[in-house]
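Colleague: Structure incoming, see below.
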Ligand SMILES: N[C@@H](CCC(=O)N[C@@H](CS)C(=O)NCC(=O)O)C(=O)O
């Protein structure tokens, strides 16, 4: 077998709409191509190692993936040398940038997100992956002198100007079913906030237009022409309108591009179902407690959250990495925390270190922080609604 490697690489990868992983759709334009035979493979390895820090894990990773491919003559090679060359580095940069700077390199980069996902389906690669925790520790030590916490997050998140709220003075609905995808929300609604966060996180600000409505004075066209249930959120997409926030989170995950919000790991997927099903119990218990003694009545459900956050060690979120589950809980915990603190002086994070970190980490995610309500307004709104004050 002849193996080619660019000495001076200039490459382009084109993927067609159909099967993105077909090698024939990858176009490599190379300058100074070096033809390599059996021994060339070893030379390739050696050169690669020399080109970076001696013995640095990145090149070792590449070499291992390469070895695994060629140790298995019957495995179809879908990924190109270019993918192999980048994979170990993107893997490490992703983990490290996320951990130290909370920089999600896939946010707003749907193609990169898909590439990482597809790479993770290739055993020859996944078998070589490093332990994220070990990697972070090594990189931190290696860079201990130069790492400083940035003041500005290096996220591609673009802060949008939020559209004004529509009320009953709005007599004309938007041009319905004109091909525009619209997310009907209320800025104060935690259910709507869930879908709004997911839309932001996936970088769909341009694809999904926000239509905020005033819940206390809704435009009449909303119930008559958009969503007869007369609740928010609802999503107008592909000539239909669908509702229910948890269903919509999954709908966005399945029907739109962007960083994935559900991991492939089956045990994490099972746990996500359990946690999503628990949101109702959690919310009802806390809302009901406002009429009684929240300090006594909510201990169990907040402890459930604390225990759940202990389950996976590979990150501060419910499933390790940020997911739909965090989005499902975030708007409610945001409200419960400020209200319980203000009225009952109950700090839900006291004695709950995982919850403390979860809230801290959540507040580093722009897609979420951009949707947050004003704490003072939340407290006033809840006092009026639940305490009649
Ligand atoms: N189960 C629904 C609940 C949605 C819901 O209750 N939304 C409230 C606002 S937070 C609503 O639209 N209520 C109707 C109203 O206020 O007239 C979901 O998860 O989407």
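In my numbering, the protein residues as written are 404 to 792. Glycine included, C-beta positions come from ideal geometry on N, C-alpha and C.
1. Considering only their Cβ atoms, is the gap separating residue 685 from residue 607 smaller than 9 Å?
2. Look at the alpha carbon of residue 633 and the alpha carbon of residue 648, and state the distance between them as a whole number of angstroms.
3. Quick one: complete alpha helix (DSSP H) runs, 4+ long, within the region 697-778?
4. Using the three-state DSSP reduction, which class does residue 512 fall into: helix, strand or coil?
5. I want to check one thing, is the minimum distance from the CB of residue 533 to the heavy atoms of ligand 1 below 8 Å?
6. Helix or strand or just coil, what does DSSP make of residue 587?
7. With 16 as the cutoff for other CB atoms within 10 Å, does residue 488 come out buried or exposed?
8. Can you list every residue whose CB sits closer than 5 Å to some heavy atom of ligand 1, going in chain order?
9. Exposed or buried, which one is residue 553 when buried takes at least 16 other CB atoms within 10 Å?
10. In chain order, what residues of the same chain lie with their CB nearer than 6 Å to the CB of residue 380, ignoring the 5 residues before and after it?
11. For residue 749, I'd like the list of residues in its chain whose CB is within less than 7 Å of its CB, leaving aside the five on either flank, ordered along the chain.
12. Is it right to say residue 579 is buried, meaning 16 or more other beta carbons lie within 10 angstroms of its own, or is it exposed?
13. Expressed to the nearest angstrom, what Euclidean distance is found between the alpha-carbon atoms of residue 493 and residue 538?
14. Mind checking residue 582: buried by the 16 CB within 10 Å criterion, or exposed?
15. Straight-line CA distance for residue 564 to residue 776?
16. Can you tell me which of the three DSSP states residue 784 falls into?
17. Could you check which residue in 636, 723 and 524 has the C-alpha nearest to that of residue 799?
18. Might you give, ordered along the chain, the residues of its own chain that have their beta carbon closer than 6 Å to the beta carbon of residue 460, omitting 5 neighbours on each side?
19. Note down the Cα distance separating residue 735 from residue 491, rounded to an integer number of angstroms.
20. Within this structure, are the beta carbons of residue 612 and residue 566 separated by less than 9 Å?
21. Please report the straight-line C-alpha distance between residue 596 and residue 732, rounded to a whole angstrom.
22. Measuring straight from C-alpha to C-alpha, what distance separates residue 450 and residue 510?
23. With contact counted as at least three CB pairs below 8 Å, one residue from each stretch, are the region 699-715 and the region 674-685 in contact?
Modeller: On the basis of the supplied data:
1. no
2. 14 Å
3. 697-700, 702-712, 727-747, 756-765 and 769-772
4. coil
5. no
6. strand
7. buried
8. 592, 594, 618, 634, 635, 647 and 648
9. Summary for residue 553: the model assigns pLDDT 38, below 50, so the residue's position carries little reliability, and this model does not support an answer.
10. An answer regarding residue 380 cannot be provided, because it is not within the stretch 404 to 792 covered by the chain.
11. 697, 698 and 743
12. exposed
13. 13 Å
14. exposed
15. 15 Å
16. helix
17. In the structure displayed, the chain extends from 404 to 792; residue 799 sits before or after that span and is not available.
18. Note that residue 460 scores 47 on pLDDT, short of 50, meaning its location in the model is unreliable; the coordinates nonetheless yield the value given after this. Cβ neighbours of residue 460 beyond the five flanking positions: none.
19. 38 Å
20. yes
21. 10 Å
22. Confidence is the limiting factor: at residue 450 the pLDDT is only 43, short of 50, which leaves the residue's position unreliable and the question unanswerable from this model.
23. yes
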